[in-house]
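Take a look at the structure set out below.
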Amino acid sequence: MKLTLSALLLSLSGMVHAALPEQALHPDEVRFVTANAEFTLMHEMGHLLISELKLPVLGREEDAADQLGFMGLFLLHERQSDANFYAKLLDVADYWRLEWQRQTPDAPEIHVWDSHALDAQRFFNLACLAYGSDPKNLEWIIQMTGLPDERAFYCPEEYQQVEYAVNWIRQHFTRKRNQPEGHRLRVEYQPPPHHLEGATELLEKVRASGELEAIAERTSSTFALPRDLKLIVTSCGEADAWYNRNSGELTLCYERILYFRELAKKLPRLRQKSLEDAPSRH
Ligand SMILES: [Zn+2]
């Protein structure tokens, strides 16, 4: 299956793999970090596309960006039917479970007025899309995530709605062959401060891989961007990422990827074991 969005997002996984000091991490942890770094970038790319292409959005933009991010991740990997790929989808859902269930005294207060869904809802939304993408073969996701039957029943429809929307975007917003290339998305690296442990190594590997440039290039050639845009990799002082629609800058913070590394070490081994036992489809 060759989709525009996937073409745009291809080869990101190599970038993140290359970016990690892997010797320090278990393969499951590397997968968790990679999947979540990919999803973060895809989510922000969702905001970028919504804003720059003026995509119509019903419902909350944050939900739409999660859906675009999910589909980006889904389409990024052409091998959509192996257990490792589904494990990655669950890694993304599990990030939100970890955030949701992190009971620490300094955990941030939950704001019900926030533009994002609650972490617990983001976990179930993503688990639902993962299951709904192939319900015949992925029933085990229901047990593994604890997705209640009341929700699971509608997940195939939810997934089909999102898939339909992405195909619609593809039909309407891909740059036509005879349209000249114009504005571009460019990558800019800002060196991290010395005290940010692991970030200098991260920067060197991301830069050496050239993968972000490849994604920027694909974005520029796939869509008729209305102006020049930037993808900035920088230190932000917090584990964040965002798209600034005024300046046309997508910011990915070193701290965000380093934070996934930290969280990866908290993944329950039990879940990893059940994933290894999960049936794969060929
Ligand atoms: Zn967002």
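Mapped onto mature numbering (1 follows the signal peptide of the UniProt record, and there is no 0), the consecutive letters of the sequence shown carry residue numbers -18 to -1, 1 to 264.
Ideal Cβ placement from N, Cα and C applies to all residues, glycine included.
State yes or no: is the C-beta of residue i nearer than 6 angstroms to some heavy atom of ligand 1?
i	result
residue 231	no
residue 81	no
residue 220	no
residue 199	no
residue 65	no
residue 44	yes
residue 47	yes
Using DSSP with H/G/I as helix, E/B as strand and the rest coil, what is residue i?
i	result
residue 68	helix
residue 226	strand
residue 212	strand
residue 4	Unreliable positioning characterises residue 4 in this predicted model, as indicated by a pLDDT of 48, which lies under 50. A coordinate reading is not provided.
residue 235	strand
residue 266	A question about residue 266 goes unanswered here, because the residues of the chain that appear run from -18 up to 264.
Are the CB atoms of residue i and residue j nearer to each other than 7 angstroms?
i	j	result
residue 243	residue 223	no
residue 26	residue 225	yes
residue 221	residue 14	no
residue 217	residue 178	yes
residue 114	residue 146	no
residue 82	residue 102	yes
Can at least three beta-carbon pairs, one atom from the stretch 187 to 194 and one from the stretch 131 to 141, be found at a separation below 8 angstroms?
Using a C-beta cut-off of 8 angstroms, the stretch 187 to 194 makes no contact with the stretch 131 to 141, since fewer than three inter-stretch Cβ pairs fall below that distance.
What are the uninterrupted segments assigned as alpha helix (DSSP H) that are 4 or more residues long and contained completely in the stretch 113 to 161, given in chain order?
Counting only runs of 4 or more, we get 121 to 127, 131 to 134, 137 to 155.
Given 8 angstroms as the limit, is there contact between the stretch 32 to 39 and the stretch 66 to 86, that is, 3 or more CB pairs closer than that?
No, they do not touch.
Is there contact here, the stretch 148 to 167 with the stretch 115 to 133, by at least three beta-carbon pairs under 8 angstroms?
These segments do not touch.
At least three beta-carbon pairs within less than 8 angstroms, the stretch 14 to 24 to the stretch 46 to 56:
The stretch 14 to 24, when compared against the stretch 46 to 56, does touch it at the 8 angstroms Cβ threshold.
Do the stretch 208 to 217 and the stretch 41 to 49 meet, that is, are 3 or more Cβ pairs less than 8 angstroms apart?
With the cut-off at 8 angstroms, the stretch 208 to 217 and the stretch 41 to 49 do not touch.
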